[in-house]
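Just below is one structure, and these are the notes that go with it.
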Amino acid sequence: MTVAAPSRAAPAWERWLTRERVTAIRRPLTTLVVVLAAWEILARTVLTNRLFFAPPTEVALAALRLWRTGELQHHIAVSFSELIYGVLLAIVIGTLIGVLVGISQRVQAYTEIYITALYATPLVAVAPLIILWLGIGIASKIAVVFLTAVFPILINTIAGVRATEALLIEVAQSFCATRAQIITKVTLPSAVPFILTGIRLGIGRGIVGVVVGELFGAQAGLGFLILTAGQAFDVPSLFVGIVTLAVAGVGLTFAAGLVERRVLRWRRTLQVD
Amino acid sequence: MNAQAVAIENLCVEFARRGERLLALQDIYLDVAPGEFFIIVGPSGCGKTTLLRVLQGLAKATRGRVLVSGNVVTAPGTDRGFVFQQDALYPWRNVLRNVGFGLELQGVSKAQARARAQAMIELVGLAGFESHYPHELSGGMRQRVNLARALAIMPAILLMDEPFAALDALTRETMQHELLRITAAAGTTVIFITHQIEEAVFLGDHVAVLTPRPGRVQEIISVDLPRPRPPGIKQTAEFQSHVARIVRLIGTYAAHA
Numbered sequence: 009m010t011v012a013a014p015s016r017a018a019p020a021w022e023r024w025l026t027r028e029r030v031t032a033i034r035r036p037l038t039t040l041v042v043v044l045a046a047w048e049i050l051a052r053t054v055l056t057n058r059l060f061f062a063p064p065t066e067v068a069l070a071a072l073r074l075w076r077t078g079e080l081q082h083h084i085a086v087s088f089s090e091l092i093y094g095v096l097l098a099i100v101i102g103t104l105i106g107v108l109v110g111i112s113q114r115v116q117a118y119t120e121i122y123i124t125a126l127y128a129t130p131l132v133a134v135a136p137l138i139i140l141w142l143g144i145g146i147a148s149k150i151a152v153v154f155l156t157a158v159f160p161i162l163i164n165t166i167a168g169v170r171a172t173e174a175l176l177i178e179v180a181q182s183f184c185a186t187r188a189q190i191i192t193k194v195t196l197p198s199a200v201p202f203i204l205t206g207i208r209l210g211i212g213r214g215i216v217g218v219v220v221g222e223l224f225g226a227q228a229g230l231g232f233l234i235l236t237a238g239q240a241f242d243v244p245s246l247f248v249g250i251v252t253l254a255v256a257g258v259g260l261t262f263a264a265g266l267v268e269r270r271v272l273r274w275r276r277t278l279q280v281d
Numbered sequence: 028m029n030a031q032a033v034a035i036e037n038l039c040v041e042f043a044r045r046g047e048r049l050l051a052l053q054d055i056y057l058d059v060a061p062g063e064f065f066i067i068v069g070p071s072g073c074g075k076t077t078l079l080r081v082l083q084g085l086a087k088a089t090r091g092r093v094l095v096s097g098n099v100v101t102a103p104g105t106d107r108g109f110v111f112q113q114d115a116l117y118p119w120r121n122v123l124r125n126v127g128f129g130l131e132l133q134g135v136s137k138a139q140a141r142a143r144a145q146a147m148i149e150l151v152g153l154a155g156f157e158s159h160y161p162h163e164l165s166g167g168m169r170q171r172v173n174l175a176r177a178l179a180i181m182p183a184i185l186l187m188d189e190p191f192a193a194l195d196a197l198t199r200e201t202m203q204h205e206l207l208r209i210t211a212a213a214g215t216t217v218i219f220i221t222h223q224i225e226e227a228v229f230l231g232d233h234v235a236v237l238t239p240r241p242g243r244v245q246e247i248i249s250v251d252l253p254r255p256r257p258p259g260i261k262q263t264a265e266f267q268s269h270v271a272r273i274v275r276l277i278g279t280y281a282a283h284a
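Chains as they are written, first to last, in the numbering used here: chain A, 9 to 281; chain B, 28 to 284.
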């Protein structure tokens, strides 16, 4: 019998669950348990006024109640679709304009200073105006998400296009590539790592955009849940909204990491620890 | 004589740099016959690379002209394949898709491009590495991909700009033999730039020696060594006398440079 024999018989999940993975899961989980326990104790000993604070157990009960009535799912679905549509729009338009600005000195001269200025401006501040224009439905929130998410994508696309190695463009030229071919087959793929970074930043800003947009005027969504719960002094429900947002943030970051690893398979990765 | 694969007539190339005119190449006349392995050597900065770039259509002639198969060169063309000095592969494309790049640009059908790229990969000895990405390959292997990519568009003329300069001595030797085997199989005319004199004599039918800037053709030497050339040929007296002659030619100006 060889040494490697037992691993062949082990089921797939057992092979996946290596010692490193167990550690990688256990450590953050420990933090979570400690924080939840501290929160519970704090809420039951010091901050006992339920008008201002609630322990995690009551938050969980509120979440269960909201889930049973179907309210929570509805809020999540509304906020999620606002985020997705807004971010998708930002990806399409941000990438298109980014390539245009990146390849043309002239377009850059006309626009770059304003793009930089708008990137630095907290555009959630225009949310009330947009709600005035587009109403309290889903469209106004998509617009707010778009506005907040498009600039990091735009800025990163411009940087990525600029960073294209001149030699790689020259290779394409020597193979008689047209201008359009150079853009689609050299410039864009070489800018992909930058664009993905921009998208990740854009999603982060977009989540803020969703919540702020809903706070200013909405009919549903997690921001709306937080607003109405706050007005009703229903602190457990308010925390449900906040915790759901935090979980969604972690989930989206993880998903973005997976996509990045899949798309950037061709990159040399250095394992540093 | 119009049967030349490449004819360079009275070529001058000038660059403008910070308002100054810089003469890179002066009065170049060269003829390269079809199927020939033509080497250009010269000190660094003598305009070798510029000459190759003009041939490829990447740089413009200030005076004179360059003909490939009787046609004046004004832009890159698929009758010429360029092998770059540096590792100029697309890092996001695997070997197969790097080699098929030129065919893809030409709009060759996917199946046909794939088949021809596959054949070129086998020709350069990289079968089995089709799905590897450039960062997974050694320097020598990357340069083979570079060569296969240029050959895949079936150019009449292969332009090579110090393709082995970045390789270690052993890999370089291997690649020299491989290159002779591959170009003999493909029947391509080759114009090859190097500053390694032994490499020039080993590979070339003719070796043109350029002067320092502005580059002019100092002399064209015929290397009448038999083909195929075995590895041991580098130790023969004939080989060494060719090497010594080129060293002397380059040395005449190196001495008072």
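C-beta: ideal position from N, C-alpha, C; glycine also.
How many Å lie between residue i and residue j at the Cα?
| i | j | result |
| --- | --- | --- |
| Ala45(A) | Thr156(A) | 36 Å |
| Arg80(B) | Pro36(A) | 58 Å |
| Ala192(B) | Thr221(B) | 8 Å |
| Glu66(A) | Leu223(A) | 24 Å |
| Leu142(A) | Gly212(A) | 23 Å |
| Tyr122(A) | Asn121(B) | 39 Å |
| Gly259(B) | Ala180(A) | 39 Å |
| Asp195(B) | Phe42(B) | 33 Å |
| Ser249(B) | Ile67(B) | 12 Å |
| Leu123(B) | Ile111(A) | 28 Å |
| Val274(B) | Gly166(B) | 28 Å |
| Val100(A) | Ile203(A) | 11 Å |
| Ala284(B) | Leu49(B) | Confidence in Ala284(B) is poor, its pLDDT being 44 and thus under 50, which makes the residue's placement unreliable; the coordinate value appears in the next sentence. Computed Cα separation, rounded: 18 Å. |
| Ala12(A) | Val43(A) | In this prediction, Ala12(A) scores a pLDDT of 48, lower than 50, which makes its location untrustworthy; the coordinate-derived value is nonetheless stated afterwards. The straight-line gap from Cα to Cα measures roughly 41 Å. |
Chain B partners of residue i, CB-CB under 7 Å?
| i | result |
| --- | --- |
| Glu178(A) | Leu85 |
| Gln189(A) | Leu132 |
Give me the chain A residues within the contact set of residue i, using Cβ-Cβ distance strictly less than 7 Å, ordered along the chain.
| i | result |
| --- | --- |
| Ala115(B) | Leu175, Leu176 and Val179 |
| Phe128(B) | Phe183 |
| Tyr160(B) | Trp274 |
Who are the neighbours of residue i on chain A, taking C-beta pairs under 8 Å?
| i | result |
| --- | --- |
| Ile24(B) | Outside the displayed span of chain B (28 to 284) sits residue 24(B), for which this structure offers no information. |
| Thr105(B) | Phe183 and Cys184 |
| Ile180(B) | Phe183 |
In chain A, which residues lie less than 9 Å from residue i when you measure between Cβ atoms?
| i | result |
| --- | --- |
| Phe111(B) | Leu175, Glu178, Val179 and Ser182 |
| Leu153(B) | By Cβ distance, chain A contributes nothing, its closest Cβ being about 17 Å from Leu153(B), past 9 Å. |
Is the beta carbon of residue j closer than 8 Å to that of residue i?
| i | j | result |
| --- | --- | --- |
| Gly242(B) | Gln53(B) | yes |
| Phe61(A) | Val243(A) | yes |
| Thr77(B) | Val40(B) | yes |
| Gly91(B) | Arg240(B) | no |
| Gly102(A) | Leu162(A) | yes |
| Ala64(B) | Leu230(B) | Reading the sequence as shown, one finds Phe at residue 64(B) and not Ala. Going by C-beta atoms, Phe64(B) is nearer than 8 Å to Leu230(B). |
| Asp232(B) | Ile184(B) | no |
| Ser198(A) | Leu176(A) | yes |
| Gly221(A) | Thr165(A) | no |
| Thr94(A) | Val153(A) | In the sequence as presented, Thr is not what sits at residue 94(A); that position holds Gly. Cβ distance < 8 Å, so Gly94(A) and Val153(A) count as in contact. |
| Ile215(A) | Leu97(A) | no |
| His269(B) | Val244(B) | no |
| Gly238(A) | Ile144(A) | no |
| Leu153(B) | Met168(B) | yes |
| Ala115(B) | Leu130(B) | no |
| Pro118(B) | Pro161(B) | yes |
| Ile35(B) | Val93(B) | yes |
| Gly108(B) | Pro182(B) | yes |
| Pro103(B) | Ser148(A) | no |
Identify the continuous beta strand (DSSP E) that holds residue i and give its terminal residues.
| i | result |
| --- | --- |
| Ile220(B) | Thr216 to Ile220 |
| Val132(A) | Note, Val132(A): premise wrong, no beta strand (DSSP E); not H, not E. |
| Glu47(B) | Glu47 to Val59 |
What does residue i reach in chain B if we use C-beta pairs closer than 9 Å?
| i | result |
| --- | --- |
| Pro160(A) | The contacting residues do not exist; Pro160(A) stays about 22 Å from chain B at best. |
Nearest CA to the CA of residue i: which residue from the options?
| i | options | result |
| --- | --- | --- |
| Ala240(A) | Arg58(A), Thr192(A) and Ala151(A) | Arg58(A) |
| Val158(A) | Ile138(A), Arg208(A) and Leu140(A) | Arg208(A) |
| His83(A) | Ile33(A), Glu178(A), Leu97(A) and Gly249(A) | Gly249(A) |
| Arg270(A) | Trp75(A), Leu55(A), Val54(A) and Pro201(A) | Pro201(A) |
| Thr205(A) | Gly168(A), Gln189(A) and Ser182(A) | Gly168(A) |
| Gly62(B) | Ile224(B), Gln223(B), Ile277(B) and Ile218(B) | Ile218(B) |
| Val86(A) | Thr56(A), Val219(A) and Gln189(A) | Val219(A) |
| Val236(B) | Pro70(B), Gln31(B) and Arg45(B) | Pro70(B) |
| Gln267(B) | Gly278(B), Glu246(B) and Ile224(B) | Ile224(B) |
| Val59(B) | Gly97(B), Ala140(B) and Arg141(B) | Gly97(B) |
| Thr172(A) | Trp75(A), Ser182(A) and Lys193(A) | Lys193(A) |
Residue range of the alpha helix (DSSP H) that residue i falls in?
| i | result |
| --- | --- |
| Gly231(A) | Leu230 to Gln239 |
| Leu185(B) | Looking at the DSSP string, Leu185(B) is not in any alpha helix (DSSP H); the run it does join, the beta strand (DSSP E), is Ile184 to Asp188. |
| Glu200(B) | Ala196 to Ala213 |
| Asn164(A) | Ile146 to Arg170 |
| Leu153(B) | Looking at the DSSP string, Leu153(B) is not in any alpha helix (DSSP H), and its letter there is neither H nor E. |
Which residues of chain B have a Cβ atom closer than 8 Å to the Cβ of residue i, listed in chain order?
| i | result |
| --- | --- |
| Ala185(A) | Leu132 |
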